[in-house]
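Residue numbers (the working numbering): 6 to 117.
Here the structure is laid out as structure tokens; the discussion comes afterwards.
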């Protein structure tokens, strides 16, 4: 139980960090119609609210796109760092779900 609480706290703190680091990229994508069409609509607080509700579209786009489109490459020289930050946030969220699921299963087995 404490492990789950600890993991949730780590995830929340890292989500805030990821949101701060990736806000300029999110703002750029929201202002570019061609990028919004390619990626989809990304909310202002994506890593804090939208990703936690299971909408992984933006995080999966960054996971799949190793080389940024020219529009992003000219504006964000540190794209690989931003991509790594996003990938870690996605991993933490998926791992948190697995950890919660496993803890529920283990608790059910131990109560039998």
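Glycine is no exception: its CB is placed at the ideal position from the N, C-alpha and C atoms.
Small disclaimer: the values here were computed from a predicted structure and weren't measured.
{"Asked": "Look at the alpha carbon of residue 51 and the alpha carbon of residue 115, and state the distance between them as a whole number of angstroms.", "Found": "37 Å"}
{"Asked": "Taking the alpha helix (DSSP H) that residue 88 falls in, what are its first and last residues?", "Found": "84-116"}
{"Asked": "By Cβ distance below 6 Å, which residues in the same chain neighbour residue 45 in space, the five residues on each side in sequence not counted?", "Found": "62"}
{"Asked": "Between the stretch 78-98 and the stretch 22-29, can you find at least three pairs of beta-carbon atoms closer than 8 Å?", "Found": "yes"}
{"Asked": "Measuring alpha carbon to alpha carbon, tell me which residue in 71, 111, 83, 99 is nearest residue 12.", "Found": "99"}
{"Asked": "Under DSSP, the alpha helix (DSSP H) around residue 30 begins and ends at which residues?", "Found": "7-36"}
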